[in-house]
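Structure first, commentary second.
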């Protein structure tokens with residue numbers, strides 16, 4: 003059984019109808035979409051179309067800006083929708099009578115919301131269904147979003163869902179939990195050449211290599227003391243070798 007029935011008028015809807023078949027068949031399977039041109043084999047096409055419309059889970063009604071006033075082929079001075087034998091009208095009637103979910107698919111920005119007073123009474127209910135809009139220049143993306151919506155609404159389609167096509171965008175990198183920069187001011191960066199690591203706007207002691215760390219002035223040599231910062235105790239110093247009490251060391 004075909005889950006999605008594409009209802010369209012050849013003039014104004016053919017290109018989008020074929021795109022619906024391509025995108026949705028790739029998503030839900032080759033037999034999931036009924037498109038009259040490809041789906042009708044040998045037999046009486048009237049019965050095939052009527053049964054497909056009644057048994058589908060979703061009917062997509064493709065509507066362009068000329069749809070409501072499109073002329074009847076046999077009577078150019080009258081609207082096609084006013085002809086009870088018009089197939090676009092008949093397919094919608096069958097879907098409405100059968101309780102099929104109908105999605106009016108507006109093609110382009112100029113299509114206005116349907117006015118039930120301008121529709122034949124047998125399909126006036128079409129105006130009460132929530133429509134969606136597609137653009138020719140973003141058609142595949144729009145139909146993919148439509149498929150996502152249908153999966154959430156129709157369990158039969160959810161069971162057939164092969165998933166949306168993967169995108170070429172790389173996945174965002176996961177943050178490194180071993181690096182923290184809480185309350186950090188400045189930073190550490192790399193400079194090309196032989197400069198190595200540089201430190202910008204450091205606000206505290208920082209060690210970037212091997213060896214001891216000195217956080218104040220230092221002078222090497224015998225007999226010199228330098229005091230820097232707060233001193234909260236006495237200072238003791240010595241020069242040379244200490245002589246013990248009682249005489250020289252023997």
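Numbering (the numbering used here), first residue to last: 3 to 252.
Cβ atoms here follow ideal geometry from the backbone N, Cα and C, with glycine treated the same way.
Just so it is clear, the structure is predicted and the values come from calculations on it, not from any experiment.
Exercise. Within its chain, find whatever has a CB closer than 7 Å to the CB of residue 160; leave out the 5 residues flanking it on each side and keep chain order.
Key: Working through the chain shown from its first residue, we reach residue 160 at position 158. Here the set comprises 153.
Quiz item: Count the other CB atoms within 10 Å of the CB of residue 15; is the residue buried (16 or more) or exposed (fewer)?
Solution: As a first step, residue 15 is located in the chain shown; it is residue number 13 there, counting from the start. Classification of residue 15: buried, given that the 10 Å Cβ count is 16 or more.
Quiz item: Quick one, which of 7, 63, 163, 34 has its alpha-carbon nearest residue 107's?
Solution: Indexing the chain shown from 1 puts residue 107 at position 105. When each option's Cα is compared against that of residue 107, the closest is 63.
Exercise. Count the C-beta pairs between the region 66-85 and the region 20-27 that are closer than 8 Å, then say yes if the count reaches three, no if not.
Key: no
Quiz prompt | CB of residue 95 within 7 Å of CB of residue 125, strictly | solution = Position 93 of the chain shown, counted from the start, is the residue given in the question as residue 95. Position 123 of the chain shown, counted from the start, is the residue given in the question as residue 125. Against a cut-off of 7 Å, the Cβ pair of residue 125 and residue 95 comes out as a contact.
Quiz prompt | Close Cβ partners of residue 82 (< 8 Å) along its chain, the five nearest in sequence each way excluded | solution = What you label residue 82 is simply residue 80 of the chain shown in a count that begins at 1. Counting only Cβ-Cβ distances below 8 Å, and skipping sequence neighbours, we find 11, 72, 73, 74, 75, 88, 90, 91.
Quiz item: Whose C-alpha, out of 77, 116, 162, 4, is nearest the C-alpha of residue 135?
Solution: Within the chain shown, residue 135 is the residue found at index 133, counting from 1. Checking every option, the nearest Cα to that of residue 135 belongs to 116.
Quiz item: Rounded to a whole number of angstroms, what is the C-alpha to C-alpha distance between residue 32 and residue 52?
Solution: Here residue 32 corresponds to residue number 30 of the chain shown, with the count starting at 1. Here residue 52 corresponds to residue number 50 of the chain shown, with the count starting at 1. Between residue 32 and residue 52, the C-alpha separation is close to 20 Å.
Quiz prompt | Residue(s) in a DSSP beta bridge with residue 61 | solution = As a working note, residue 61 is residue 59 in the chain shown. DSSP lists 7, 104 as partners of residue 61.
Quiz item: Which of helix, strand or coil does DSSP assign to residue 136?
Solution: To locate residue 136, count along the chain shown from 1; it is residue 134. Strand.
Quiz item: To the nearest angstrom, how far is it from the Cα of residue 80 to the Cα of residue 13?
Solution: Along the chain shown, read from residue 1 onward, the residue named residue 80 stands at position 78. Along the chain shown, read from residue 1 onward, the residue named residue 13 stands at position 11. For residue 80 and residue 13, the distance between alpha carbons rounds to 16 Å.
Practice problem: Please state whether DSSP places residue 81 in a helix, a strand or coil. | Solution: Working through the chain shown from its first residue, we reach residue 81 at position 79. In this structure, residue 81 counts as strand in the three-state DSSP scheme.
Self-check item: Cβ-Cβ distance between residue 7 and residue 38 below 7 Å
Solution: Here the question's residue 7 lines up with position 5 in the chain shown. Here the question's residue 38 lines up with position 36 in the chain shown. Contact flag unset, no.
Quiz prompt | Buried versus exposed, by CB contacts within 10 Å (16 or more), residue 5 | solution = Numbered from 1 along the chain shown, position 3 holds the residue referred to as residue 5. Buried: at least 16 other Cβ atoms inside 10 Å.
Self-check item: Inter-residue spacing [alpha-carbon to alpha-carbon] between residue 118 and residue 127
Solution: The residue you call residue 118 lines up with position 116 of the chain shown. The residue you call residue 127 lines up with position 125 of the chain shown. Roughly 7 Å separates the two Cα atoms.
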